[in-house]
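What follows is one structure encoded as structure tokens, with my remarks underneath.
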Amino acid sequence: MVEIKELAEGANVDSDFDVIPSSTRTRVSNFTSNIISSTQALYNISGKLAWFLSTTALLVVFPLALESDKEQVMIQYEKEQQMMQQQASAIPGISPSGLPMPGVSN
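For the sequence shown, full-length UniProt numbering begins at 1 and goes up steadily by one.
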């Protein structure tokens, strides 16, 4: 009973009987706060980066891809037209337009 009385009167009870010392608690608290703030900053930066990449894709890359596709379709169409003209010119009596030529009998 005397020991409890002495501790209560003169000594700092919290620091003497803590399971985890206050310096350790402070270090863990600071470390946790730093991790949380770093995670929040990374989350904000990744959100801004995702916004930038998606809007860039929508404004630049997507229309470019559409135009490239249109170009490929036009090239294919021109090749088909050339093949049809070559086939038509190979058949005697038919003009390149596909109409029978006057004066040529079939």
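Cβ coordinates follow ideal geometry from the N, Cα and C atoms, glycine included. This one's a predicted model, so the numbers in the text were calculated from it and none came from an experiment.
Query                                                                                              : Result
For VAL19, three-class secondary structure by DSSP                                                 : coil
Under the three-state DSSP convention, the category ILE35 falls into                               : helix
Enclosing alpha helix (DSSP H) for ALA90 [first to last residue]                                   : 62-90
Close Cβ partners of ILE91 (< 6 Å) along its chain, the five nearest in sequence each way excluded : none
Own chain, CB closer than 8 Å to SER37, minus 5 neighbours either side, in chain order             : none
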